[in-house]
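Structure, as structure tokens:
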Amino acid sequence: MHNKYIFIKWFILFLPLFLGSCKRNFQYSVLEVRPYENDLNNKAIAAIKELTPKDTFSFLVISDTQIAYDELQDFVEHANGLSEDSIAFVLHGGDYTDYGANFEYNFYYDEIKKLKFPIVGTIGNHDMLGNGRYIYRKFLGSEEFTFEYGNTAFVVFNSNSREVAFDGSIPNLPWLEQTVNSLKQKKNIVYLSHISPQNSDYDQRMAERHKNIVLEQSNSRLSLHGHTHSYEYYETEGGFKYVVVPTILKRSYVKVDVADTTLTVHELFY
Amino acid sequence: MQRFLFFLGLTTLSVQVDAQQPKTQNIWHKIMPNNAKLQYAGNIGMFSVGAGYVSPNQKWKGDVFYGLVPGTYAEKPIHSFTLKGKYSPINRTYNHDIQVNWLNAGLWTNYSFGSKYFLKLPDYYDKGYYYFPTQLNIGAFVGSEIRYQKWGLYYEVGTTEKHVINYVKNMSSINFHQMWNIGIGLVYHLK
Numbered sequence: 009m010h011n012k013y014i015f016i017k018w019f020i021l022f023l024p025l026f027l028g029s030c031k032r033n034f035q036y037s038v039l040e041v042r043p044y045e046n047d048l049n050n051k052a053i054a055a056i057k058e059l060t061p062k063d064t065f066s067f068l069v070i071s072d073t074q075i076a077y078d079e080l081q082d083f084v085e086h087a088n089g090l091s092e093d094s095i096a097f098v099l100h101g102g103d104y105t106d107y108g109a110n111f112e113y114n115f116y117y118d119e120i121k122k123l124k125f126p127i128v129g130t131i132g133n134h135d136m137l138g139n140g141r142y143i144y145r146k147f148l149g150s151e152e153f154t155f156e157y158g159n160t161a162f163v164v165f166n167s168n169s170r171e172v173a174f175d176g177s178i179p180n181l182p183w184l185e186q187t188v189n190s191l192k193q194k195k196n197i198v199y200l201s202h203i204s205p206q207n208s209d210y211d212q213r214m215a216e217r218h219k220n221i222v223l224e225q226s227n228s229r230l231s232l233h234g235h236t237h238s239y240e241y242y243e244t245e246g247g248f249k250y251v252v253v254p255t256i257l258k259r260s261y262v263k264v265d266v267a268d269t270t271l272t273v274h275e276l277f278y
Numbered sequence: 004m005q006r007f008l009f010f011l012g013l014t015t016l017s018v019q020v021d022a023q024q025p026k027t028q029n030i031w032h033k034i035m036p037n038n039a040k041l042q043y044a045g046n047i048g049m050f051s052v053g054a055g056y057v058s059p060n061q062k063w064k065g066d067v068f069y070g071l072v073p074g075t076y077a078e079k080p081i082h083s084f085t086l087k088g089k090y091s092p093i094n095r096t097y098n099h100d101i102q103v104n105w106l107n108a109g110l111w112t113n114y115s116f117g118s119k120y121f122l123k124l125p126d127y128y129d130k131g132y133y134y135f136p137t138q139l140n141i142g143a144f145v146g147s148e149i150r151y152q153k154w155g156l157y158y159e160v161g162t163t164e165k166h167v168i169n170y171v172k173n174m175s176s177i178n179f180h181q182m183w184n185i186g187i188g189l190v191y192h193l194k
């Protein structure tokens with residue numbers, strides 16, 4: 009006789025079943041800002057500070073991991089098989105996401121949290137879509153920063169000029185100039201930004217000044233980038249290197265060996 | 004947006020008019036929605052308010068929603084508009100008061116207002132630089148709905164085209180269930 013309540017009960021029973029079966033059950037919008045973690049770059053830098061600095065060390069660089077979580081998963085497994093004595097940390101060349109979407113940042117985190125090395129990265133053009141730039145600042149942290157390992161300084165910044173319609177705000181060259189001037193006592197400076205100054209998505213009106221800032225420093229060694237998805241290597245007469253790191257989709261990454269002031273770059277596959 | 008709210012206000016007003024003259028089948032009664040809804044989550048807003056229409060045979064339903072994601076979960080609050088269509092082939096009535104739509108299967112499209120999102124690629128990009136608009140999202144879902152007298156409850160398990168693309172290309176690292184998320188809603192039946 010209480011038939012009508014049975015169905016209400018059924019309905020109420022049904023709900024938690026679905027709630028339990030789905031992770032991150034309630035998404036508000038593809039454009040929402042609700043990252044699973046925060047400040048990942050600073051956490052990684054804190055971990056790098058804990059390491060014993062060496063003059064001879066190696067680090068790996070991956071890039072453009074957007075919609076390539078299977079390949080990222082395999083990279084993590086591959087890298088975790090490498091010894092901590094041989095590799096100090098990993099860098100990411102940007103484009104964590106394809107749509108700048110919160111759920112993509114979370115998919116990335118699901119894989120990268122298993123990596124045993126600290127990983128520090130820069131913002132990609134796709135990461136600035138929608139509310140992506142705002143999520144990036146929460147999830148990873150500042151777009152411009154430096155960190156150090158032994159005698160080598162790493163200068164990380166945003167070079168995605170096209171995303172701001174070439175309004176002159178990206179890259180932040182006054183910041184870059186001030187920063188490199190404060191790093192004169194370092195043996196090496198390594199730069200990391202998503203789009204290389206040679207690319208048309210980089211504001212070409214700023215390329216000359218960028219080049220001068222970097223090449224005026226005698227300790228500038230290497231400029232690391234992503235974006236084009238293919239490996240590129242270019243060396244100036246003074247021995248300064250520009251390297252474009254291929255997308256992880258190609259199951260490929262870059263390894264950099266640092267021996268005092270000599271940096272050697274290798275393109276590797278897994 | 005103000006116009007939309009004004010329209011909603013007008014329709015609500017007409018409901019009261021109709022209540023006083025139930026036998027008058029005037030134009031307001033004809034265009035009046037069958038129900039009013041409040042939805043939580045489901046990728047169309049944290050909270051969405053909407054109005055729904057039902058076909059005479061009860062198998063086809065259409066909803067319009069205004070959705071809000073408050074500033075806590077975005078840089079600025081996200082206001083959006085959603086059109087939802089669904090097919091419910093299995094409808095049962097139990098006693099006189101309880102109706103169950105065992106299956107609602109449907110699609111929605113969601114448009115977010117805001118100058119930092121785009122529908123058409125801004126002209127500082129080359130043609131085809133991005134193949135998708137950030138302003139528009141398309142979703143698909145299945146769910147059920149129960150009605151008790153004037154009130155109803157529903158849930159939807161849904162996904163978006165962007166989730167599907169991510170899942171299809173990464174079936175080993177992304178679990179099937181991670182593609183899906185849930186929306187739940189409350190319905191008040193007007194007629």
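Residue numbers (the working numbering), protein chains in the order written: chain G, 9 to 278; chain V, 4 to 194. We treat Cβ as the ideally placed atom computed from N, Cα and C, and that holds for glycine. Since the structure is predicted, the reported quantities are computational estimates derived from the model, not experimental observations.
Whose C-beta lies closer than 6 Å to the C-beta of residue 205 of chain G among residues of the same chain, with five residues either side of it excluded? Taking the first residue of the first sequence as 1, we reach residue 205 of chain G at position 197. So the qualifying residues of the chain are 215, 218.
Between residue 35 of chain V and chain G, is any beta-carbon pair separated by less than 8 Å? Numbered from 1 along the second sequence, position 32 holds the residue referred to as residue 35 of chain V. It does not: the Cβ of residue 35 of chain V has no partner Cβ on chain G nearer than 8 Å.
Fully enclosed by the region 149-226 of chain G, which beta strand (DSSP E) runs are 3 residues long or longer? 153-157, 160-164, 196-200
Classification of residue 42 of chain V by the beta-carbon crowding that lies within 10 angstroms, buried from 16 upward: Within the second sequence, the letter at position 39 stands for residue 42 of chain V. Classification of residue 42 of chain V: buried, given that the 10 Å Cβ count is 16 or more.
Do residue 264 of chain G and residue 139 of chain G have their C-beta atoms within less than 8 Å of each other? Counting from 1 along the first sequence, the entry for residue 264 of chain G is found at position 256. Counting from 1 along the first sequence, the entry for residue 139 of chain G is found at position 131. No, the pair does not count as a contact, with Cβ atoms beyond the cut-off.
When you compare each of G:165, G:276, G:84 to residue 49 of chain G by their alpha carbons, which one comes out closest? The sequence position of residue 49 of chain G within the first sequence is 41, counting from 1. For the residues G:165, G:276, G:84, the minimum Cα distance to residue 49 of chain G belongs to G:165.
Can you check which of these residues, V:47, V:86, V:85, V:78, is closest to residue 36 of chain G by C-alpha distance? Stepping through the first sequence from its first residue, residue 36 of chain G is reached at position 28. Residue 36 of chain G has its Cα closest to that of V:47, out of V:47, V:86, V:85, V:78.
By the DSSP assignment, the alpha helix (DSSP H) with residue 141 of chain G in it spans what residues? Counted from its first residue, the first sequence places residue 141 of chain G at position 133. From DSSP, the alpha helix (DSSP H) with residue 141 of chain G extends over 140-147.
Taking 8 Å as the threshold (C-beta atoms), are residue 177 of chain V and residue 153 of chain G in contact? Numbered from its first residue, the first sequence carries residue 153 of chain G at position 145. Numbered from its first residue, the second sequence carries residue 177 of chain V at position 174. Not in contact: residue 153 of chain G and residue 177 of chain V (Cβ atoms no closer than 8 Å).
Does the distance from the C-beta atom of residue 108 of chain V to that of residue 167 of chain V stay below 8 Å? On the second sequence, position 105 is the one that residue 108 of chain V refers to. On the second sequence, position 164 is the one that residue 167 of chain V refers to. No, Cβ-Cβ distance for residue 108 of chain V and residue 167 of chain V is not below 8 Å.
Below 8 Å between beta carbons is the criterion; list the residues of the region 110-130 of chain V that meet it against any residue of chain G, in chain order. 113, 115, 119, 120, 125, 127, 128
Please decide whether residue 112 of chain G counts as near chain V, where near means a Cβ-Cβ distance under 8 Å. In the first sequence, residue 112 of chain G corresponds to position 104, counting from 1. For residue 112 of chain G, the answer is yes, since a Cβ of chain V falls inside 8 Å of its Cβ.
For the putative contact between residue 57 of chain V and residue 40 of chain V, defined by C-beta atoms under 8 Å, what is the C-beta separation to the nearest angstrom? Sequence index remark: in the second sequence, residue 57 of chain V carries index 54 (1-based). Sequence index remark: in the second sequence, residue 40 of chain V carries index 37 (1-based). At roughly 12 Å, the Cβ-Cβ gap does not stay under 8 Å, so residue 57 of chain V and residue 40 of chain V are not in contact.
Is the region 146-165 of chain V touching the region 116-126 of chain V, taking contact as three or more C-beta pairs under 8 Å? no
Are the region 127-135 of chain V and the region 90-110 of chain V in contact at 8 Å, needing three or more beta carbon pairs? no
Listed by chain order, chain V residues near residue 66 of chain G by CB distance under 8 Å: Locating residue 66 of chain G in the first sequence gives position 58, counting from the first residue. None at all; the shortest Cβ gap to chain V is about 26 Å.
Start and end residues, alpha helix (DSSP H) containing residue 118 of chain G: Within the first sequence, numbered from 1, the residue matching residue 118 of chain G stands at position 110. Note, residue 118 of chain G: alpha helix (DSSP H), 110-120.
If you draw a straight line from the C-alpha of residue 182 of chain V to the C-alpha of residue 74 of chain G, how long is it? Position 179 of the second sequence, counted from the first residue, corresponds to residue 182 of chain V. Position 66 of the first sequence, counted from the first residue, corresponds to residue 74 of chain G. If I take the Cα positions, the gap works out to 16 Å.
For residue 241 of chain G, count neighbouring C-beta atoms within 10 Å of its own C-beta (all shown protein chains included) and say buried if the count is 16 or more, exposed if not. Counting from one through the first sequence, the residue named residue 241 of chain G turns up at place 233. It counts as exposed.
Give the interface partners of residue 76 of chain V over in chain G, defined as CB-CB distance under 7 Å, in chain order. Translated into the one-based positions of the second sequence, residue 76 of chain V becomes position 73. Here the neighbours are 36, 40, 41, 42.
If you compare alpha carbons, which of G:67, G:77, G:105, G:109 is closest to residue 90 of chain G? Working through the first sequence from its first residue, we reach residue 90 of chain G at position 82. Closest option to residue 90 of chain G, Cα to Cα, is G:67.
CA-to-CA distance, residue 59 of chain V to residue 134 of chain G, given in whole angstroms: The sequence position of residue 134 of chain G within the first sequence is 126, counting from 1. The sequence position of residue 59 of chain V within the second sequence is 56, counting from 1. Distance between the alpha carbons of residue 134 of chain G and residue 59 of chain V: 46 Å.
DSSP state of residue 193 of chain V, grouped into three classes? Here residue 193 of chain V corresponds to residue number 190 of the second sequence, with the count starting at 1. Residue 193 of chain V: coil per DSSP, three-state reduction.
Could you say which of G:243, G:81, G:70, G:79 lies nearest to residue 261 of chain G if we only look at CA atoms? Residue numbering aside, residue 261 of chain G sits at position 253 when the first sequence is read from its first letter. Of the candidates G:243, G:81, G:70, G:79, G:70 places its Cα closest to the Cα of residue 261 of chain G.
Entirely within the region 26-73 of chain V and at least 4 residues each: give me those alpha helix (DSSP H) ranges in chain order. 30-34
Any idea if residue 104 of chain V is buried or exposed, counting beta-carbon neighbours within 10 angstroms, 16 or more meaning buried? For this step, residue 104 of chain V is matched to residue 101 along the second sequence. Buried: at least 16 other Cβ atoms inside 10 Å.
Under 8 Å between the Cβ atoms of residue 72 of chain G and residue 103 of chain G? Here residue 72 of chain G is taken as the residue at index 64 of the first sequence, counted from 1. Here residue 103 of chain G is taken as the residue at index 95 of the first sequence, counted from 1. Yes, they are a contact pair.
Answer with yes or no whether the minimum CB distance from residue 48 of chain V to chain G is below 8 Å. On the second sequence, residue 48 of chain V is found 45 positions in, with the first residue counted as 1. So, interface residue.
Hey, is residue 137 of chain G's beta-carbon within less than 8 Å of any beta-carbon in chain V? The residue labelled residue 137 of chain G in the question sits at position 129 within the first sequence. Chain V contact via Cβ: present.
Which residues does DSSP list as the beta-bridge partners of residue 161 of chain V? Along the second sequence, one-based indexing puts residue 161 of chain V at 158. Beta bridge pairing from DSSP links residue 161 of chain V with V:144, V:184.
Keeping to the same chain, check which residues put their C-beta closer than 7 Å to that of residue 197 of chain G; ignore five residues upstream and five downstream. Residue mapping note: residue 197 of chain G aligns to position 189 of the first sequence, counting from 1. Hits under 7 Å: 161, 163, 188, 191, 225, 227, 228, 229.
List, in order along the chain, the chain G residues whose C-beta lies closer than 8 Å to that of residue 93 of chain V? On the second sequence, position 90 is the one that residue 93 of chain V refers to. Neighbours of residue 93 of chain V on chain G: none; closest Cβ ~13 Å, over 8 Å.
Using the Cα positions of residue 177 of chain G and residue 170 of chain G, report the straight-line distance between them to the nearest angstrom. In the first sequence, the residue the question calls residue 177 of chain G occupies position 169. In the first sequence, the residue the question calls residue 170 of chain G occupies position 162. C-alpha separation (whole angstroms): 10 Å.
As a quick exercise: from G:82, G:272, G:202, G:57, pick the residue whose alpha carbon is nearest that of residue 258 of chain G. What you label residue 258 of chain G is simply residue 250 of the first sequence in a count that begins at 1. If we check each option's Cα against that of residue 258 of chain G, G:82 comes out closest.
Compile a chain-ordered list of the residues in the region 169-184 of chain V whose CB is closer than 8 Å to at least one CB of chain G. 169, 172, 173, 174, 175, 176, 177, 178, 180, 181, 183, 184
Three-state secondary structure assigned by DSSP to residue 255 of chain G: As a first step, residue 255 of chain G must be located in the first sequence, where it is residue number 247. Correct three-state label for residue 255 of chain G: coil.
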